[in-house]
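This report concerns only the one structure given below.
Numbering (my numbering), first residue to last: 1018 to 1170.
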């Protein structure tokens, strides 16, 4: 009964979880992705908050999240197949431009006082399409950036 308990994860496994970050290109993309995700979360909150200022309807406020998430559900499989077929770099650049234009349009319309609930839902849906099409590409390029021995983490 005096058996020593071993931790479920040894220190070598913990160190290897960080090994992909030794690759400078992957590290730069990872940092950019973390910053981008923070911006996306802020935008998600801002979209819902904006809808509450446009209309008191709880249904329309709930539809903001629905319109942002629905494209991910609908396009996950086709987007994954597309990421395997086409040039990933080009698809990633196209989706980044798509997201920039949709988010920029949302910002400009809001600043000009021209945002309506319908426009907000449309732009949120377009942002969801961009996210749905972009996510599989990021997952597919990771093995191209990191050595296979570092992927075991």
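Glycine included, each C-beta is placed from N, C-alpha and C at the ideal position.
Residue i vs residue j beta-carbon contact at 9 Å
i            : j            : result
residue 1151 : residue 1116 : yes
residue 1155 : residue 1109 : yes
residue 1036 : residue 1167 : yes
residue 1162 : residue 1038 : no
residue 1082 : residue 1061 : yes
Own chain residues within Cβ distance below 7 Å of residue i, not counting five before or after
i            : result
residue 1122 : 1140
residue 1072 : 1134
residue 1032 : Interpretation of residue 1032 is limited by its pLDDT of 47, a score under 50 that renders its predicted location unreliable; no figure is taken from the coordinates.
residue 1077 : 1068 and 1134
Simplified DSSP state of residue i, which is helix, strand or coil
i            : result
residue 1129 : coil
residue 1040 : coil
residue 1073 : coil
residue 1107 : helix
residue 1066 : helix
residue 1155 : helix
residue 1058 : helix
residue 1164 : coil
residue 1035 : coil
Distance between beta carbons of residue j and residue i, contact taken as under 8 Å
i            : j            : result
residue 1153 : residue 1085 : Incorrect: roughly 17 Å between the Cβ atoms, too far for contact.
residue 1119 : residue 1080 : Not really, about 17 Å apart at Cβ, beyond 8 Å.
residue 1068 : residue 1137 : 6 Å
residue 1101 : residue 1157 : 7 Å
residue 1146 : residue 1092 : 7 Å
Sequence-distant residues of its chain with Cβ nearer than 8 Å to residue i (five each side left out)
i            : result
residue 1142 : 1084, 1085, 1087 and 1088
residue 1070 : none
Cβ-based neighbour list, residue i, same chain, cut-off 6 Å, excluding 5 preceding and 5 following
i            : result
residue 1132 : 1126
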